[in-house]
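Here is the structure we will look at, set down as structure tokens.
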Amino acid sequence: MFPTEFAYHRATSVQDAIAFLGANPDAKVLAGGHSLIPAMKLRLAAPGALVDIGRIESLHAIDVRPDGAKIGAMATYNDIRDNAGIARIYPILPEAIAEIGDAQVRERGTFGGSLAHADPAADLTAVFLALNGEIAVTGPNGDRTIKADDLFVDLWTTTLETDEIITSVILPAPPASNGMGYEKHAHPASGYAVVGIAAVLGFSADKTCESARIAVTGATSKATRLTGVEQALTGQKLTAELVSSAAGQASDGLDINGDLYASEEYRAHLVNVLTRRVLTSAAGL
Amino acid sequence: MTTTSELPETAPETRYIGKPIKRREDPRLMTGQGSFLDDIRLPGMSYAEVVRSPYAHANIKMIDTGAAKSMPGVLGVFTGDDFMDINPLPCAWQAGKVTNNVNTPRVLAVDKVCQVGDPVAVVVAETPYQARDAAAAVDVDYEELPAVTDAKATTADGAPQLHENAPNNIVLTWECGTDADSVDAALKAADVHVTEEIRNQRLIPTAIETRGSIGRYDPGTDEYTLWETSQCPHVHRLLLAAFVMNIPEHKLRVIAPDIGGGFGQKIFLYWDMPLVLALAKKVGRPVKYVEDRSSNYLTATHGRDHVTDVEIGATNDGHITALKVKTWANLGAYLSTIAPGIPTTLYGRMVAGCYKIPNIHVDVVATYSNTAMVDAYRGAGRPEAAYLVERVCDLVAHATGVDPAEVRRRNFIQPEDFPYDTGVGMLPYDSGNYEQAFDRALEQVGYKELRAEQQRRRRNSDPKLLGIGLSSYVEVCGVAPSKWIGLPGEGWGAGLWESANVRVHLTGKIVATTGSLPHGQGHETSFSQLVAEELGVPIEDVEIQHGDTAGTPFGFGTYGSRSLAVGGIAMYKSLQKVKEKARRIAAHMLEASPEDIVWENGKAHVKGSPEQAKTLGEIALQASVAYDLPDGMEPYLDETTYYDPPNCTFPFGTHVCVVEIDRETGEIALRRYVAVDDVGNVVNPLIVDGQLHGGIAQGLSQALYEGAVYAENGELLTGTMNDYAMPRASMVPTYELDRTVTPSPTNPMGVKGAGEAGTIAATPAVANAVLDALRPFGIENLDMPLTPPKVWAAMHHAAGAAQAAD
Ligand SMILES: Cc1cc2nc3c(=O)[nH]c(=O)nc-3n(C[C@H](O)[C@H](O)[C@H](O)COP(=O)(O)OP(=O)(O)OC[C@H]3O[C@@H](n4cnc5c(N)ncnc54)[C@H](O)[C@@H]3O)c2cc1C
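First to last, the protein sequences are chains A and B.
The first sequence begins at 0 in numbering that gives the first Met the number 0 and counts up one residue at a time.
The second sequence begins at 0 in numbering that gives the first Met the number 0 and counts up one residue at a time.
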């Protein structure tokens, strides 16, 4: 468990970090270190340098307003879980965070790190998709935002450039009347999602489902929206039968992976069952 | 939270024995003040890293160390050829009375590798980082050979062959019990005949501290010192000096510092131990080698890995009349130190469990395969035996329609049957009251009500399937009488007695040594309790020393739940000797005859005149200054005992597990876990409960979570803790513990042993619960670990049957 040699730079500002990345093409950003450091110890990753963004004060802030929330990329899982405004408006976040790893991981791991790392079995990737978030990004050419739907490309691959830094995660205000939730079957060894389903539903005054964003993680090579299920629900009054039949198709068309622990068949089955369960509770059925 | 019902105290009037005293070592160990192997920094320390084979089976064509030698900080790079003067490691326990085709590892592989991770070269450097970097620069050319990993497959026609002296990869074949023909006849005559293949999967022990060693050589005195993560430093010194390195025993000192768990894995002699000693001499510097977790998973020993074909005969009313067992035991690429003894003596001779089974025949085939070595792992043989016979009880229940509880009750050995000979070559079980513990467990869990609830739920097609699993176990502890287990008997290449020295210093403070070795069991507390109790001194006045061959008399170490039942008795006997001598000195001081001296409240006085009492301190002072001792008496209170037990001890009990399975996902929730254990008399109930908690966690984890998996080419697929599922606190239930106390007649303290009971009992309790829940699907057996995907697949594929049952 000894990484190869690397240089270490503690960034004082986002600009400082960007400059360091520009000058050191084999450098990587270090956030909570709970994906990167294990990979380095196993020598699966061997960056020549690390730029630690942990001491950049502005990246830790959590700002919750009526029109949405801005969560600093370095906000840890526990920072987010413990924020009263987040818990009130986005209860799916503390719910999903409670399912991540163990106490140490939740104390160190960050929202920004989880999204940048894009592990196919991470939890907040699916939640981020369901919440229709975007990330604020700074690079050598300035600032830009990337929408959740445009972020994930493949296993551990995103549309983020290697010299860019996520500065915050921006979440729109959820629909005025909503239901949201996260259901997970955890891998017994890693604790990651074998399958995780995140759902955010919006309702009209007469309880019609006006919007549905549902995403799966763990089952495929990247967190993915279940658009078929979303369409089946949108514009409908949700009943147990409707939810059940929509969820029964959840895994259709997905390119589901199998592994030592769970077959494709089992994962597909879990996608359907957990989708039904999360929708049933989010819809208050 | 854990509930523990009131525990019967061994002797209510005691001051220390039977009291739940908190572990004295914990403040040190839990605040980072322990000294574990990797904490040790010697002046001039250098670091070794090995180059490991990526292939499970290959010929080594060429090793080029040139590039590595010129890397920064490198002090030396060596291959197997540099250590041809070091013998292969010994196999110290070969199965008794049969031929063992022995192949053991060398310090570094020569010409050929037989498992992924086999070390082929070693780098010594100034820092561990430099050692890693240079190890990566060693160039090795292999010719890959086909591999075999599954126990049954190893002996099949055409299987890849590992060792020339082991045709068909067979290490040994061994049998015990009634002759096969009689058992066949009994099977034929039985009302009910059941066959099943039962697998006890391979486990990776995963102590919190991995293994490691530090070697130092002093050219001035020609002395070697070895620090190592070991459960038995004396044994290692003996084996290293006399069998491996050919150095005089007194020129080698072995020290086991604080040990972060072992579970058996640290009993064995490993290649790195002689290697760091030899390297220290070659490079002229102390050399440290510490495994990382991945290396530990690859080449430290694993446990279990049995495949068993069992044939069962029973009467219609559930009496088991015959058992025919054929077991393939996968011992891995080479023989680890005591590997052959585990599936033979400690497994084959325990398959009767706590039942009177008139006809048992056991065949064991131990085999080589291209996998990590398999040796003793917490329970060692007994978990495999308990799992087998407890699954057998449930299979009989299903075949006969008799309730699983009733099957056990009808077959139990009864209290009046002890000492009881099971007919498979084990020493006679010492004492027991199996039904009493069983009844108590059933009552505690509410067995009848649970069965009624299960009926109700099955009728209503409840989304949660209720399962109730029973496990009544007996195990063998306190190993062992040397006369029985030694070379002429069971093949163990030495004795298995234990030593203890008790020394009362001039100031009345006591230092006691034990040849056993704590690595999580709390000896420093329980042995101190024993000393303080017997000598009537405050526990603060007692120090327990262990782990350094320079400081303690020879001892065989800690495994097989033997510390208290063997090592503790050695100490008890030394304490009696100290007391006897102190009595004679007190008599001299009080001008009375020794027979008139009584010990009370830690003081000696003449019967009837307690006001003129002598404390142990006063007596020790007298013994030590020595100017007024009885004629002919040697000075000092210093007594040593070497205790060889007359029999093993046989703890027992019943565990009951209640599970709920999600019909839709196969997810398993542990609803209740009740354990009633009988470990004989109890010195420290807190420590015993702790041992049971940890043991149960390990046992249930085998049933539900853990399992080492190899690819066909011999790659370890569960090579990290990302893939190999160790239980977390959130994955285990609340334990409801209770006890019965049946003292062992084997030793004067009436103790049995508690280190492995939980592990042995829990696996079948949990597996039986899961399979009990799945009864409506007609599922007879599933291989562990019983994961949700596996349970779901079984239910899914048996869906037709399930509908019929609904
Ligand atoms: C034992 C264990 C169990 C775990 N279990 C789970 C689990 O159940 N569910 C789960 O979702 N995760 C789990 N994780 C992973 C954990 O959530 C990580 O913390 C997370 O994936 C990465 O966040 P981090 O802050 O630690 O990032 P780091 O490890 O520091 O970085 C990860 C990657 O993202 C890049 N990066 C980080 N921050 C930024 C940024 N602001 N801008 C650009 N690039 C950035 C880094 O360069 C690196 O490539 C587990 C980890 C461990 C060690």
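Glycine included, each C-beta is placed from N, C-alpha and C at the ideal position.
- For the options A:D122, A:F19, A:L43, the alpha carbon positioned closest to that of A:P2 is the one of A:L43.
- Not one beta carbon of chain A lies nearer than 8 Å to the beta carbon of B:Y558.
- Taking a contact as a CB-CB distance under 8 Å, the pair B:V50 and B:P127 does not count as one, their CB atoms being some 15 Å apart.
- Within a 10 Å sphere around the beta-carbon of B:Q453 sit 16 or more other beta-carbons, which makes this residue buried.
- Annotation: B:E711 has no Cβ neighbours in chain A at a cutoff of 9 Å; minimum Cβ distance is about 13 Å.
- Closer than 7 Å to some heavy atom of ligand 1: that describes the Cβ of A:S189.
- Between B:I412 and B:K355, the gap from beta carbon to beta carbon is short of 8 Å.
- The beta carbons of B:A57 and B:V112 sit about 5 Å from each other, so the pair counts as a contact at 8 Å.
- Distances from the alpha-carbon of B:P787 to those of A:R212, A:V104, A:L159, A:E264 put A:E264 closest.
- Taking 8 Å as the threshold, the shortest C-beta distance from A:F5 to chain B does not fall below it.
- Residue-level contact check: B:L237 does not touch chain A, since none of the beta carbons of chain A fall below 8 Å from its beta carbon.
- Counting every other CB atom within 10 Å of its CB across the protein chains shown gives A:A16 a total of 16 or more, marking it as buried.
- At a C-beta separation below 9 Å, B:M720 has these neighbours in chain A: A188, S189.
- In the DSSP annotation of this structure, the continuous segment of the beta strand (DSSP E) that includes A:A198 starts and ends at 192-202.
- A straight-line Cα-Cα distance of about 13 Å links A:V242 and A:T207.
- Note: B:V193 is bridge-paired with B:I311 in the DSSP secondary-structure output.
- Counting every other CB atom within 10 Å of its CB across the protein chains shown gives B:G340 a total of 16 or more, marking it as buried.
- Segment contact: the segment 744-763 of chain B against the segment 636-652 of chain B, three or more CB-CB distances shorter than 8 Å; contact assigned.
- In this structure, the straight-line span from the alpha carbon of A:R275 to that of B:Y672 is close to 31 Å.
- In chain order, G521, S525 place their CB closer than 6 Å to the CB of B:I686, counting only its own chain and leaving out the 5 sequence neighbours on each side.
- For A:S167, the enclosing beta strand (DSSP E) covers residues 164-171.
- Nearest to B:E663 by C-alpha distance, out of B:E714, B:A793, B:A591, B:C231, is B:A793.
- By the 16-neighbour rule on beta-carbons within 10 angstroms, A:T156 is exposed.
- Within the same chain, and ignoring the five residues on either side of B:N680 in sequence, the residues whose Cβ sits closer than 7 Å to its Cβ are T9, V740, P742, M748, G749, V750.
- Beta-bridge annotation (DSSP): B:Y354 is paired with B:F411.
- When secondary structure is reduced to three states using DSSP, B:G466 falls in the strand class.
- Of the other Cβ atoms in all chains shown, 16 or more fall within 10 Å of the Cβ of A:R266; this residue is therefore buried.
- Shown here for B:A569: same chain residues with a beta carbon closer than 6 Å to its own, the five before and five after excluded, namely E497, S498, A499, T640, Y642 in chain order.
- Note on geometry: alpha-carbon atoms of B:Y141 and B:G713 lie some 15 Å from one another.
- Contacts with chain B at 8 Å (Cβ-Cβ) do not include A:V242.
- Within the chosen limit of 7 Å, ligand 1 does not reach the beta carbon of B:T719 with any heavy atom.
- Collapsing the DSSP output to three states places B:K751 in coil.
- For B:H522, the shortest C-beta to heavy atom distance toward ligand 1 is 7 Å or greater.
- Judged by DSSP in its simplified three-state form, B:K323 adopts strand.
- In the structure shown, B:R727 adopts coil according to DSSP, grouped into three states.
- When secondary structure is reduced to three states using DSSP, B:Q443 falls in the helix class.
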